[in-house]
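Undergrad: Read top to bottom, the protein sequences are chains A and B.
Just so we're aligned, residue 7 is where the first sequence starts under our numbering, counting upward by one.
Just so we're aligned, residue 118 is where the second sequence starts under our numbering, counting upward by one.
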Amino acid sequence: MPEPLITIEGLYKVFGSKPDSVMPMVHEGRSKDDILAETGHTLGLKDINLTINKGEIFVIMGLSGSGKSTLIRHFNRLIDPTEGVIKVEDTDVMKLPPKELEHFRRHKMSMVFQRFGLMPHRTVLENVGYGLSIQGQSKAVWSAKAKEWLETVGLAGYEAQYPAQLSGGQQQRVGLARALCTDAEILLMDEAFSALDPLIRSEMQDQLIELQDTLHKTIIFITHDLDEALRIGDRIAILKDGEMVQQGTPDEILLNPANDYVEAFVKDVNRARALTVETVMKPPSRRITADTIGEALIQMKAIKGDYGYYVNDDGYQGVVTQDTLEACCDDASTSQEMDDTVWEDLPSISPDAMLESVIPETLDADYSLPVVDEEGNLKGELSKSNLAEVLGGADKKTEERI
Amino acid sequence: MAESSWLTKFPQMDRVDLLEIRKGLDSAYREFSREYGEVIESLFDPLLTFLVWFEKLLLTTPWFIVIVAVAGLVYLVSRSWKLSLGVVVSFLAIGYFGMWDNTMRTLSIITVCTLMAIGLGIPIGIVMARSDKARSVITPMLDIMQTMPAFVYLIPVVMLLGIGKIPGVIAVIIYAIPPVIRLTNLGIRLVDSEVMEAATAYGANPTQRLFGVQLPLAMPTIMAGINQTIMMALSMVVIASMIGVKGLGQPVLKSITNQYFTLGLFNGLAIVALAIIFDRVSQAYAKRTQRHMQGIENA
């Protein structure tokens with residue numbers, strides 16, 4: 007049961023000299039361009055409502071100018087909203103006086119920045135320990151902890167270096183270690199991997215996912231890259247011109263885009279890398295559970311196909327074809343029990359596997375592949391045409407529109 | 118043709134009125150300085166005592182000790198043998214050409230002026246960086262200080278405090294302080310906004326941000342300002358000597374009025390030597406403390 011940690015209700019942000027004076031216009035539903043032309047104020051965020059659960063990676067995604075970086079700065083009030091409520095557990099962040107806000111920032115949230123935001127005049131170790139040293143911890147305490155986290159992110163031995171002496175990827179690892187070092191429950195990541203080259207970026211994504219498996223932080227991740235969002239996000243919110251366009255799990259967004267804008271995004275996504283087998287497989291229709299060949303033949307006729315997946319008490323065993331069953335019938339009785347001479351081996355695939363990883367097997371096999379979970383239960387099947395439909399789906403839709 | 122005269126001649130204020138204004142302002146200021154001059158002067162007494170003490174210290178200490186001390190200080194700050202050796206050589210030359218005492222006087226007043234300019238200028242620069250309002254007030258004042266001919270603000274200072282070291286120091290500071298204020302402000306404003314955001318996001322309070330992030334990162338720019346301040350203070354030495362500041366400026370002034378070219382040249386060169394030493398030392402120090410900015414090649 008997901009436990010809500012952060013809630014944002016009716017959040018508006020207007021940039022300009024007198025934001026409050028513009029709010030009535032905003033509530034009337036006037037457009038961003040109208041407001042800009044008439045008052046010179048920019049509507050940054052419009053009626054944002056979010057609930058972020060404990061322990062999930064929540065991705066906020068949008069193109070530049072969509073307000074995503076503005077939004078993430080509201081969580082720790084680097085930017086104050088014009089209107090709206092931000093709650094973390096039961097604290098209303100908006101009502102915190104300066105001292106308590108400092109305390110909140112020190113202990114509750116930490117942040118990773120796009121261009122790293124490291125302090126060039128401090129060594130790597132001092133940077134990682136910055137959050138703790140700000141809290142007033144002694145050097146012995148923060149340096150020991152900083153050392154541990156540097157090791158975790160794979161930068162042991164770099165303690166005495168300065169940030170300028172590290173590569174971009176290494177610098178962001180320092181940024182990540184700095185964020186983790188304060189043990190804050192919530193991690194804000196503002197386009198944390200966008201400045202890195204693709205190879206390093208996917209390495210960092212893997213590292214983040216790996217860390218999250220053990221740490222279970224609540225991570226709010228900003229990105230403009232849908233592939234990245236789909237890869238690491240448990241849930242995704244899509245922002246456009248300061249408005250929330252769609253919220254949902256990666257699969258929901260990929261398979262049911264809310265409007266043309268999201269669809270245009272989704273079009274370019276490498277679905278093979280974003281979707282799991284489970285989301286595209288067909289329900290299992292070729293289950294053969296019979297104990298004898300005769301019963302199996304009857305089941306085979308019922309499924310209207312010339313092969314089926316044989317499942318017994320020990321789970322999935324292999325594929326049986328009509329031809330083999332009939333051949334067995336000829337030279338023996340139909341009451342002969344099913345054994346491993348009847349079924350052929352056919353590799354099964356896991357429901358959690360990415361489509362990309364099962365493409366070769368699916369194409370090689372003569373039959374649709376059975377999807378079998380860890381306990382051996384038959385969950386579904388994945389055929390070549392199935393695969394083609396999903397992976398080619400985006401193109402088909404665009405063609406229709408043209 | 119009285120009607121058309123304003124076309125050819127600027128319609129100026131009545132001569133009598135203008136005279137009245139001048140007289141009024143002058144006498145008001147004179148009144149003020151007569152009334153408060155002594156009080157204000159006494160405020161500066163501790164500074165004067167310190168100035169006299171410092172000058173005496175430099176003058177009474179045997180020359181070789183001064184040279185060793187200065188060279189040692191230069192080495193400590195810059196960690197460069199070459200620079201320290203250059204200091205020794207130029208000081209020996211200055212002494213050999215008979216300018217030792219004047220150089221010591223100038224050295225003492227410049228040191229005090231520079232320290233005061235830095236001590237006042239950096240806090241003012243910080244205030245200016247923190248508030249746009251403060252900046253909009255201070256910037257025009259700095260413009261005035263930098264463009265107003267030095268002689269003009271020497272007049273009220275002399276009227277108030279008379280001739281001597283203190284008015285000299287004030288004049289030098291007024292002239293030399295703008296760069297350090299401006300560049301402190303600029304340096305702080307140029308600190309990477311993301312680094313500042315990071316500090317805020319981790320819960321740093323304003324003091325922690327100032328001393329932990331802004332000042333250290335603004336240091337290269339502030340050092341450039343300090344460097345300029347020192348240079349301007351040195352160039353002010355000659356003008357300050359007009360109001361009785363002893364040192365290398367006085368022989369220069371004497372050689373202008375008497376057309377002693379060589380005397381002027383020697384003392385001028387001594388000022389240049391001091392300027393170069395101050396400049397190289399402050400720059401070497403800045404470079405040494407900013408090594409981490411330069412990346413891998415210096416690791």
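We put the beta carbon where it would ideally sit given N, CA and C, even for glycine.
None of these values were measured; they are calculated from a predicted model.
So which residues of chain B does Met-250 of chain A contact, with C-beta pairs closer than 8 Å?
TA: Those do not exist, as Met-250 of chain A stays about 24 Å from chain B at its closest Cβ, beyond 8 Å.
Undergrad: How far does the alpha helix (DSSP H) with Val-28 of chain A in it reach, from first residue to last?
TA: It spans 25-33 - the alpha helix (DSSP H) in which Val-28 of chain A sits, taken as one unbroken run.
Undergrad: Does the beta carbon of Gly-137 of chain A sit closer than 8 Å to a beta carbon anywhere in chain B?
TA: Chain B contact via Cβ: present.
Undergrad: Tell me the rounded alpha-carbon separation between Lys-126 of chain B and Leu-135 of chain B.
TA: 17 Å
Undergrad: Is the separation between the beta-carbon of Arg-111 of chain A and that of Gly-320 of chain B shorter than 8 Å?
TA: yes
Undergrad: Since Val-310 of chain A is in the alpha helix (DSSP H), which residue starts that stretch and which ends it?
TA: The residue asked about is misnamed: residue 310 of chain A is Lys in this sequence, not Val. Where Lys-310 of chain A is concerned, there is no enclosing alpha helix (DSSP H), given that its DSSP letter is neither H nor E.
Undergrad: Mind reading off the beta-carbon distance from Val-362 of chain B to Ile-226 of chain B? Whole number of angstroms is fine, and I expect it under 8 Å.
TA: 6 Å
Undergrad: What's the gap between the Cα of Ala-335 of chain B and the Cα of Tyr-168 of chain A?
TA: 17 Å
Undergrad: By Cβ distance, which residues of its chain are closer than 6 Å to Gly-314 of chain A, with the 5 residues on each side in sequence left out?
TA: Arg-292, Ile-294, Met-306, Val-326
Undergrad: Once you ignore the five residues that flank Gln-328 of chain A on each side, which residues in its own chain have a CB closer than 7 Å to its CB?
TA: For Gln-328 of chain A, where only same-chain residues beyond five positions count, the Cβ hits under 7 Å are Met-306, Asp-312, Tyr-313.
Undergrad: So is His-80 of chain A buried or exposed if we call it buried at 16+ other beta carbons inside 10 Å?
TA: buried
Undergrad: Under 8 Å by Cβ, that's how I've got Gly-386 of chain A and Pro-256 of chain A pegged, so tell me the actual separation to the nearest angstrom.
TA: The Cβ separation is near 19 Å, so there is no contact.
Undergrad: So which residues of chain A does Pro-333 of chain B contact, with C-beta pairs closer than 7 Å?
TA: His-127
Undergrad: Quick one: what does DSSP say Gly-412 of chain B is sitting in, helix, strand or coil?
TA: Confidence at Gly-412 of chain B is low in this model, with a pLDDT of 47, below 50, so its placement is unreliable and the value that follows should be read with caution. In the structure shown, Gly-412 of chain B sits in coil (DSSP, three-state: anything other than H, G, I, E or B).
Undergrad: Assuming His-230 of chain A contacts Ser-70 of chain A under a Cβ cut-off of 8 Å, what Cβ separation, rounded to an integer in Å, is found between them?
TA: 7 Å
Undergrad: Starting from the beta carbon of Leu-84 of chain A, find every residue of chain C whose beta carbon is closer than 9 Å, and list them in chain order.
TA: In the structure shown, chain C cannot be found, because the protein chains are A and B.
Undergrad: Measure the C-alpha to C-alpha separation of Val-134 of chain A and Thr-231 of chain B and round it to an integer number of angstroms.
TA: Between Val-134 of chain A and Thr-231 of chain B, the C-alpha separation is close to 38 Å.
Undergrad: In this structure, how does DSSP classify Lys-273 of chain A when only helix, strand and coil are distinguished?
TA: helix
Undergrad: Can you name, in chain order, every residue of its own chain whose Cβ lies under 8 Å from the Cβ of Glu-433 of chain B, other than the five neighbours on each side?
TA: For chain B, the structure presents residues 118 to 416; residue 433 of chain B sits outside this window and is missing.
Undergrad: Using a beta-carbon distance below 8 Å, is Ile-140 of chain A in contact with chain B?
TA: yes
Undergrad: Asp-96 of chain A to Lys-60 of chain A, Cα distance in whole Å?
TA: 13 Å
Undergrad: Considering just the uninterrupted stretch of the beta strand (DSSP E) at Glu-387 of chain A, what are its terminal residues?
TA: 384-388
Undergrad: Determine the DSSP secondary structure at Tyr-18 of chain A, reduced to helix, strand or coil.
TA: strand
Undergrad: State yes or no: is the beta carbon of His-4 of chain A nearer than 8 Å to at least one beta carbon in chain B?
TA: The question about residue 4 of chain A has no answer here: the residues shown for chain A are numbered 7 through 408.
Undergrad: Near Ser-399 of chain B, which residues of its chain fall below 7 Å by C-beta distance, leaving aside the five closest residues on each side in sequence?
TA: Met-340, Ile-343, Asn-344, Ile-347
Undergrad: Can you list, in chain order, the stretches of the beta strand (DSSP E) that have 3 or more residues and sit fully within the segment 72-151 of chain A?
TA: 89-94, 115-118
Undergrad: Report yes or no: do three or more beta-carbon pairs, one from the segment 18-33 of chain A and one from the segment 44-58 of chain A, lie closer than 8 Å?
TA: yes
Undergrad: I'd like to know if Glu-15 of chain A contacts chain B, where contact means its C-beta is closer than 8 Å to some C-beta of that chain.
TA: no
Undergrad: Where does Arg-293 of chain A sit, in a helix, a strand or coil, going by DSSP?
TA: strand
Undergrad: Based on Cα-Cα distance, which residue from A:Ala-278, A:Ser-149, A:Thr-330 lies nearest to Asp-233 of chain A?
TA: A:Ala-278
Undergrad: Rounding to the nearest angstrom, what Cα-Cα distance links Pro-296 of chain B and Ile-290 of chain B in this structure?
TA: 11 Å
Undergrad: Alpha carbon to alpha carbon, how far is Leu-327 of chain B from Arg-252 of chain B? Give it in angstroms, no decimals.
TA: 17 Å
Undergrad: Taking 8 Å as the CB-CB cut-off, is Ala-321 of chain B touching chain A?
TA: Yes, Ala-321 of chain B lies at the interface with chain A (some Cβ there is under 8 Å from its Cβ).
Undergrad: Met-348 of chain B by DSSP, collapsed to three states: which one?
TA: helix
Undergrad: Output, in chain order, the set of chain A residues within a Cβ distance shorter than 8 Å of Glu-311 of chain B.
TA: Phe-119, Gln-120, Arg-121, Phe-122, Gly-123
Undergrad: Would the segment 173-181 of chain B count as touching the segment 362-382 of chain B if we require 3 or more Cβ pairs under 8 Å?
TA: Proximity of the segment 173-181 of chain B to the segment 362-382 of chain B falls short of the contact definition, fewer than three beta-carbon pairs being nearer than 8 Å.
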